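Numbering (the numbering used here), first residue to last: 119 to 516.
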């Protein structure tokens, strides 16, 4: 299609977009913001809530806010707000700490769960294409538990599984390419050999249905500052399947996860349920900012978000084909809907400089070494007109 044909198509798609009204709930400007897969935009409800937390809850109520303002129960309360977005029933998610810390808890906890079955399970599989921190943490967890770490791609997992496998750490969506991996079938394969599944949901939660309970996932972790819009450094979360909670042995037993935290006893007794995933005192300011940010999801269906996500990425690829000279870029994101997350990654020469020029023109994406332009599509606030403009400006770079 030519440029005159693409703009009316974008206008028509925007006119029929059932989520179009959600954009007004975010603080945005005239830029096309396609970096929500790194840091989500600010929901308008957050500044006022944070001011209340600082001025009234902390400033006036002070220590009383642990009870009167619900500070103490925030980790599990906010976990229950995230739960529907990842297909989990209440009581299985606790919010707190960073994604890295929660990966450590989950991988070590998974190895300990597998050890209960006996049989000398001494190998941890990790996604070879993972975000580096997951690999670092998995390597450390393997050393600490006496296991061998074996990096494999998600496609290689079924063939790499054996009676030696204790735990498998995988990313639901590849952070570089946006490829969506087959969580149901991989989880089933992991369970078939008696191993424990650990999924990193950083690039899928809030962008597409996950189905943790439906697919029997054992443990999962995720951040909240991408598609969940919790703010820079907002606390991550840990999911522990209900059936495993009585046996989940966290490698970080803190006073906040004790069955009697104020008993101050020298011996540790874990709290029941997902609470045993807590460690120390919650970071209340960022946690309650996240709680306010999650209010935008109150009347939003994750299925509707997925439908729009696929439409946005389809349209972006169509516009790129229309606007960008042939051979200038190559998509490394799968075209099949079943294999695509909510981003599009394009490979091109001098990608770092191209992205800098795009940002100067008001199209905000990001660059990944060595040659990838990465564009994230957050359906709650990205429209089809944004998509058309981004592709048109990209075409003008060549």
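Glycine is no exception: its CB is placed at the ideal position from the N, C-alpha and C atoms. Note that the coordinates shown come from a computational prediction; the quantities given were computed from them, not determined experimentally.
- In the DSSP secondary-structure assignment, residue 298 is bridged to 291.
- Boundaries of the alpha helix (DSSP H) harbouring residue 200: 192-200, taken from the DSSP string.
- By a beta-carbon distance limit of 8 Å, residue 368 contacts residue 227. Their separation comes to about 6 Å.
- Taking 8 Å as the cut-off, the beta carbon of residue 266 is found closer than this to the beta carbon of residue 240.
- Taking residue 268 as the centre and dropping the five residues before and after it, the same chain places the C-beta of 241 and 243 closer than 6 Å to its C-beta, in chain order.
- Per DSSP, reduced to three states, the secondary structure at residue 441 is helical.
- With a cut-off of 8 Å on Cβ pairs, the region 470-489 is in contact with the region 141-159, counting three or more such pairs.
- If you look at residue 173, you'll find it isn't in any alpha helix (DSSP H); DSSP assigns it neither H nor E.
- A Cβ-Cβ distance of about 6 Å is found for the pair residue 331 and residue 205, placing them in contact under the 8 Å criterion.
- Contact between residue 356 and residue 224 holds, since their C-beta atoms are separated by about 6 Å, short of 8 Å.
- Apart from sequence neighbours up to five positions away, the residues of its chain that approach residue 187 with a beta-carbon distance below 7 Å are 175 and 179, ordered along the chain.
- According to DSSP, residue pairing for residue 481 in a beta bridge involves 150.
- Taking residue 162 as the centre and dropping the five residues before and after it, the same chain places the C-beta of 143, 144 and 145 closer than 7 Å to its C-beta, in chain order.
- The residue from 471, 511, 458 and 502 with its alpha-carbon nearest to that of residue 290 is 458.
- Secondary structure note for residue 357: it is in no alpha helix (DSSP H), and the uninterrupted beta strand (DSSP E) holding it is 355-358.
- Scanning its chain for C-beta atoms nearer than 7 Å, with the 5 sequence neighbours on each side dropped, one finds around residue 354 the residues 215, 216, 217, 220, 339, 340, 341 and 342, in chain order.
- Under the criterion of beta carbons closer than 8 Å, residue 493 and residue 446 do not qualify as touching, at roughly 15 Å.
- Per the DSSP secondary-structure output, residue 318 pairs in a beta bridge with 289 and 339.
- CA-CA distance, residue 383 to residue 397, rounds to 16 Å.
- For residue 475, the closest of 157, 427 and 513 by C-alpha to C-alpha distance is 513.
- Rounded to the nearest whole angstrom, the C-alpha separation of residue 149 and residue 137 is 19 Å.
- Taking the C-beta atoms as reference points, residue 346 is found nearer than 8 Å to residue 324.
- Within the region 385-472, the complete alpha helix (DSSP H) segments of 4 residues or longer fall at 402-411 and 420-441, listed in chain order.
- Looking at the DSSP output, residue 376 shares a beta bridge with 388.
- Assignment of beta-bridge partners to residue 491 by DSSP yields 464 and 485.
- When C-alpha distances from residue 271 are compared across 264, 281 and 248, the shortest belongs to 248.
- Residue environment for residue 387: exposed (fewer than 16 other C-beta atoms within 10 angstroms of its C-beta).
- Here residue 452 has 297 and 458 as same chain residues with Cβ atoms under 7 Å from its own Cβ, once five neighbours each way along the sequence are excluded.
- Taking the C-beta atoms as reference points, residue 229 is found nearer than 8 Å to residue 285.
- Bridge pairing for residue 144: 161 [DSSP].
- DSSP places residue 276 inside the alpha helix (DSSP H), whose first and last residues are 275-278.
- In this structure, the alpha-carbon of residue 456 lies about 37 Å from that of residue 264.
- Looking from the CA of residue 442, the closest CA among 428, 389 and 506 belongs to 506.
- About 4 Å separates the beta carbon of residue 460 from that of residue 427, a gap short enough to meet the 8 Å contact definition.
- In the three-state scheme derived from DSSP, where H, G and I count as helix and E and B as strand, residue 217 is classed as helix.
- Residue 491 and residue 466 have their C-alpha atoms spaced approximately 7 Å apart.
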